[in-house]
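Enquirer: Shown below is the structure under consideration.
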Amino acid sequence: MNLKGSLTPDSYVQYCEGAAPALFSWISPEFVFFYFFMLMECAILVTYSVYKSRVERRTRGMGKSEETQPLSSPAASEPTTNIHFYGYRESFLGNLVKHSIFLTSLGWMVVLITLVCDYYEVFAIWSNSNQKLIFVDHDNLSKVFVFFWHVTTIWFLALQYNKSFLKTWFLTPTDIPNATFILVEKRRQKAVKNDEMGQIVMWAQKIESYFSKNKVSVSRDLKNLQITRSGRMYIEFECVRYVFSTKRNRFEPYQFNLGSTNKEILALASGISEEEAENRIELSGPNQILFAVDTLGQGLWKEFTGIFYLYQLMMLFIWYFYAYYYMGLVLTVIVIGSGVMKVFVSNAAQQRVLEMATFTGYAKVFRNNRWTEIPSKELVVGDVMEVRLTGLPLSIDCAILSGDVVVDESSLTGEALPVTKFSIKDDNNPFSKELNAKRNCLFAGTIVLETQKDKQGECVKAIVLSTGGSTEKGKLVRDILYPVPFVFVFTEHLKIVVPILICWGIIMLFASIAILQAASIGTWFYGMFGISQVLSPLLPAVLVINQSVAADRLRKKGIMCVDLNRITLAGKVKVFCFDKTGTLTKEGLDFCGALQVNNTTKTLGKIESMFASFSYPLQFAMQTCHSISKVQNRYVGNFVDIEMFKYTQANLDPNSNSTVIEKDTGKEFRVLKRFEFVHAHAYMSSVAQDNSTGERHIFLKGSFEKILELVDPKSVPEGFVAAAKEQALQGYYVLAIAGRKLDPKFTPELIQKATREEMEAGSEIIALILFRNELKQDTPEALSHLREGGCRNIMITGDHANTAVFIGKQSGLISIDSFGQSPLILMAECDDDELITWHDVDTGETYPQSKVERSVYEGRQGGRKVELVVAGKAFSKLLVHHWTPQFLGDIRIFARMSPLDKVQCVRLHMHHHITAMCGDGGNDAGALKAAHAGIALCGTGTSVVSHFSSIDVSLRSCVELVKEARCSLDVSLASYK
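In the numbering used here, the protein residues as written are 6 to 982.
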């Protein structure tokens with residue numbers, strides 16, 4: 006026997022030196038110990054699984070709470086299936102299994118690290134023999150490494166797959182009164198999808214859903230059960246306190262019913278007692294928007310326990326083991342650096358949200374029939390407080406009980422101009438925070454600029470409606486922290502490509518084994534290197550780094566981002582929606598004149614611009630039919646009202662914003678009552694008195710369509726509607742003014758009690774007043790850049806359709822085609838019978854709907870381009886008849902859209918394309934939040950209502966956003982390839 010020829014080089018040296026070669030065996034003591042350890046761990050897991058299943062069968066339904074009522078629902082008695090609660094407690098066996106799994110996981114890591122170190126002969130210095138490696142030679146060591154590498158990978162993949170269920174797997178279900186932990190299962194809102202996904206992505210999503218452990222998409226969050234001083238059980242979930250109701254056997258956010266009418270709210274002006282306040286603070290929690298900011302350790306754990314980091318870790322072990330430590334070190338630095346950077350960016354964003362959500366200061370409240378100073382965090386629903394000038398943001402939502410308040414809402418809505426809020430009227434009209442928001446409510450996060458006492462000289466008082474996470478600011482914070490998931494085609498493609506790449510890598514693995522003819526264990530390593538080249542471990546790091554760089558570049562250009570993932574998403578924007586006023590056009594309006602009604606001939610005159618030439622009723626109306634006030638010699642309120650009032654050159658009495666003093670004559674007019682403008686009504690009205698004559702008039706001001714519905718039809722001059730539309734088509738912002746002289750029986754006391762309908766009945770048209778909204782200088786250029794970049798630009802505005810068409814032409818939104826031919830502009834409106842009518846904007850020719858559809862199809866086939874314009878009512882009607890989605894890509898302008906209509910319109914586009922929305926953050930705040938990418942041109946830094954906000958109010962910000970986003974997307978795609 007030739008012993009020499011059968012030895013490896015290392016064993017041959019030992020043979021020559023006379024030492025017996027060490028032998029490697031899979032049944033050596035160390036492996037026997039490993040087998041025994043694995044057998045014990047499997048026995049523990051199987052035993053606990055059997056025990057767990059029996060306990061769950063025995064206690065099925067015991068720990069489950071009934072469905073809870075979400076915070077936004079109108080009535081606490083209506084159960085929903087939105088959230089479920091389950092009670093759990095710790096057990097000795099569960100803790101034993103948890104620690105065994107932890108030690109086993111740690112053991113696998115130690116084993117792999119030991120094997121890597123053994124490859125570099127680290128343990129040779131402790132060896133008592135000539136053997137430098139634990140497992141004799143590198144070939145044996147490699148086999149052992151491969152074996153343990155597979156075991157470790159399978160172990161961690163199993164843990165990763167069951168990650169969400171491990172939260173409660175070590176706990177025992179129990180009824181909630183005996184629980185120490187509460188599992189909150191919340192059904193996730195459906196992710197926003199669009200038609201660009203493709204059939205393959207749809208199939209992939211179905212497969213993912215089939216193999217998902219949660220057939221219904223839910224989030225699972227484990228919370229500690231807490232107990233108040235009086236013994237009430239509660240948990241804090243998504244910034245809201247949920248209190249356990251023993252009667253209903255469920256957790257619910259406690260809702261206080263203060264009343265449903267104005268009179269019921271005013272009846273609470275006497276405040277509450279200290280005892281009741283303590284009871285309510287237990288039920289609703291302190292007046293704080295509470296959420297836990299991740300510590301550095303928590304952030305690192307969440308980041309580095311993801312599935313791709315597991316892939317990176319296992320690949321790094323291979324690189325280090327096979328002497329590629331220099332490349333492994335580079336890869337380790339990049340992976341850890343990008344992960345840490347992502348954690349720091351995420352924590353910094355959480356800190357910014359926390360700073361935005363944190364309120365400090367004191368409040369003066371009326372409790373136990375006396376005024377008391379308390380910290381603002383102790384305010385509760387039902388507290389009556391004094392509204393003061395502190396310079397600090399309000400920490401609560403409240404309704405004004407007495408006096409008037411001028412408030413800056415820019416941090417909440419992005420609206421630059423201050424607004425005036427008034428006290429609740431003493432009547433039986435319905436009251437709710439949503440209904441009275443614009444007129445009577447102050448919101449958390451806004452700053453009080455001025456207060457005006459009531460007629461009795463009492464301080465300005467307000468009643469607290471919401472605190473903490475239930476406030477409007479709290480809802481915005483929750484929207485930021487817990488956003489509605491969206492589906493991005495790039496992300497969905499990754500879910501398809503990654504498995505394909507893994508399969509391709511496995512093919513390469515077997516190909517390398519076949520090519521090398523399985524000569525040694527080294528073929529497995531070469532195959533794994535091939536997989537690491539096919540599916541680069543650096544891919545997530547590159548994606549994070551490029552998003553961070555893009556966000557930094559945007560910040561230097563004055564564009565702030567609160568969600569890094571939206572940057573890449575913005576790179577795929579195909580539809581860009583724009584508000585008109587303050588976005589495409591300048592913020593303010595210029596008063597241009599009026600078309601007065603001749604009461605004798607019942608005709609409409611020509612445009613007059615001299616205030617002195619206006620009739621007495623029109624002068625009276627322009628000076629009193631508004632809702633502005635004066636703060637530090639500056640008018641605040643709606644910019645239309647401000648411009649109209651400035652044109653009269655009258656002054657507001659510094660002691661009372663209800664008294665107007667005419668400049669030339671010194672005549673005084675006093676506003677006795679106001680009905681504020683709300684979008685749902687589209688008009689406002691006011692009752693005023695001429696102090697020199699004692700005459701009292703009521704005046705109405707609003708859109709001419711709405712005013713026509715309210716006035717005496719006999720007072721409407723011939724051609725009134727045509728004239729209004731003609732002026733709108735010339736680019737004017739058109740409002741109608743109507744009014745009437747009140748009967749002397751309407752005394753000031755009766756006026757306060759009379760209904761709006763009683764006083765407005767019989768009003769007559771007085772005039773049309775015209776304003777001009779000038780286009781921003783750089784708007785046409787910015788829209789042209791976006792159009793050249795492949796974005797379809799559309800307008801969504803609350804203005805009249807004709808005005809919107811004029812701005813559309815002026816800005817280049819509606820442009821000539823490549824042959825120099827102007828497009829056919831067809832407008833849809835609802836007639837008096839609520840039927841949809843189409844007409845040519847330029848010629849007035851009426852089009853039946855069949856002809857509209859034929860013209861659109863011809864335009865798509867290369868004929869004359871057609872641009873559709875749809876007004877609010879027609880938009881709703883077309884939606885009902887399922888016509889709008891079919892021709893959505895041909896509608897250029899959506900006019901007379903309410904805030905809710907804007908949200909609906911944006912979501913409609915989102916189902917077909919990646920959609921961006923640009924506005925000022927006022928009445929388009931909902932649309933900004935709903936869009937795939939919303940950018941607020943607020944000019945005040947970060948806005949909480951949108952994903953992006955620009956200090957520069959120019960449309961260039963939209964161009965820069967798309968540029969940087971596409972650069973980020975290109976880097977992502979290059980890395981992806």
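Quick reminder that beta carbons are idealized off the backbone N, C-alpha and C, glycines included.
By a C-beta neighbour count over all protein chains shown, 10 Å radius and 16 as the cutoff for buried, is Q461 buried or exposed?
Expert: exposed
Enquirer: Whole-angstrom Cβ separation of M902 and G931, contact assumed at under 8 Å?
Expert: Contact flag wrong, Cβ pair sits at about 11 Å.
Enquirer: Out of curiosity, what's the CA-to-CA distance linking E700 and S428?
Expert: 26 Å
Enquirer: Taking only runs of the beta strand (DSSP E) that begin and end inside the stretch 585-645, which ones reach a length of at least 3 residues, in chain order?
Expert: Runs of the beta strand (DSSP E) inside the stretch 585-645: 595-603, 608-613, 634-636, 639-641.
Enquirer: Could you tell me how far apart the beta carbons of S381 and A362 are, in whole angstroms, since I believe they sit closer than 8 Å?
Expert: Not quite, the Cβ-Cβ distance comes to about 13 Å (not below 8 Å), so this is no contact.
Enquirer: Could you give the DSSP three-state label for N656: helix, strand or coil?
Expert: strand
Enquirer: From P398 to F436, what does the alpha carbon distance come to, in whole angstroms?
Expert: Looking at the two C-alpha atoms, the distance is approximately 24 Å.
Enquirer: Are the beta-carbon atoms of I520 and F953 separated by less than 7 Å?
Expert: The beta carbons of I520 and F953 sit no closer together than 7 Å.
Enquirer: Skipping 5 residues on each side, what residues in its chain have a beta carbon closer than 6 Å to that of D929?
Expert: D584, K907
Enquirer: Can you tell me whether F953 is helix, strand or coil according to DSSP?
Expert: Reduced to three states, the DSSP call for F953 is strand.
Enquirer: What are the start and end residues of the beta strand (DSSP E) that includes V580?
Expert: 580-583
Enquirer: How many angstroms separate the CA atom of T266 from the CA atom of F309?
Expert: Cα to Cα, the separation comes out at about 54 Å.
Enquirer: Whole angstroms are fine: how far does the CA of N229 sit from the CA of D484?
Expert: 23 Å
Enquirer: Using CA atoms only, rank isn't needed, just tell me which of D123, T52, H937 is closest to A575.
Expert: H937
Enquirer: Hey, L447 and V389 are a contact pair by Cβ (cut 8 Å); roughly how many whole angstroms apart?
Expert: So it is not a contact: roughly 14 Å between Cβ atoms.
Enquirer: Which value, in whole angstroms, describes the spacing of the CA atoms of T300 and N352?
Expert: 8 Å
Enquirer: Rank G813, T842, V846, I841 by C-alpha distance to the C-alpha of L829 and give the top, closest one.
Expert: V846
Enquirer: Is it the case that the Cβ atoms of L146 and F186 are separated by a distance below 7 Å?
Expert: no
Enquirer: What separation, rounded to the nearest whole angstrom, lies between the Cα atoms of L705 and T451?
Expert: 30 Å
Enquirer: Between G396 and E648, what straight-line distance do the alpha-carbon atoms span, to the nearest angstrom?
Expert: 28 Å
Enquirer: I'd like the list of long-range same chain contacts for Q457, defined as Cβ closer than 6 Å, with 5 residues on each side in sequence excluded.
Expert: G408, D409
Enquirer: Would the stretch 465-480 count as touching the stretch 281-298 if we require 3 or more Cβ pairs under 8 Å?
Expert: yes
Enquirer: Does H702 come out as helix, strand or coil in the three-state DSSP assignment?
Expert: Of the three classes helix, strand and coil, the one that applies to H702 here is strand, per DSSP.
Enquirer: So, are the CB atoms of A833 and A879 less than 7 Å apart?
Expert: yes
Enquirer: Which residue marks the beginning of the beta strand (DSSP E) containing W843, and which one marks its end?
Expert: 841-845
Enquirer: Do I703 and G744 have their C-beta atoms closer together than 7 Å?
Expert: Taking the C-beta atoms as reference points, G744 is found nearer than 7 Å to I703.
Enquirer: Just mark E280 as buried or exposed, buried being the case when its beta carbon has 16 or more other beta carbons within 10 Å.
Expert: exposed
Enquirer: Kindly indicate the opening and closing residues of the alpha helix (DSSP H) around H937.
Expert: H937 -> no alpha helix (DSSP H), and no H or E assigned at all.
Enquirer: Where do the N-terminal and C-terminal ends of the beta strand (DSSP E) with W888 fall, by residue?
Expert: Counting along the chain, W888 falls outside any beta strand (DSSP E), and DSSP gives it neither H nor E.
Enquirer: Ignoring anything shorter than 3 residues or poking outside the stretch 517-554, list the beta strand (DSSP E) runs there in chain order.
Expert: none
Enquirer: On the premise that T157 lies in contact with W113, defined as a C-beta separation below 8 Å, what is that separation, rounded to the nearest angstrom?
Expert: Yes, they are in contact, since the Cβ atoms of W113 and T157 sit about 4 Å apart, within 8 Å.
Enquirer: Identify the continuous beta strand (DSSP E) that holds C403 and give its terminal residues.
Expert: Looking at the DSSP string, the run of the beta strand (DSSP E) that includes C403 is 402-407.
Enquirer: Nearest-angstrom Cα distance between H143 and V102?
Expert: 36 Å
Enquirer: Could you give the first and the last residue of the continuous beta strand (DSSP E) run that contains T456?
Expert: 452-457 is the span of the beta strand (DSSP E), which, as asked, contains T456.
Enquirer: Between the C-alpha atoms of A728 and S708, what's the straight-line distance to the nearest angstrom?
Expert: 14 Å
Enquirer: Rounded to the nearest angstrom, what separates E969 and R571 at their Cα positions?
Expert: Annotation: E969 to R571 spans about 12 Å, alpha carbon to alpha carbon.
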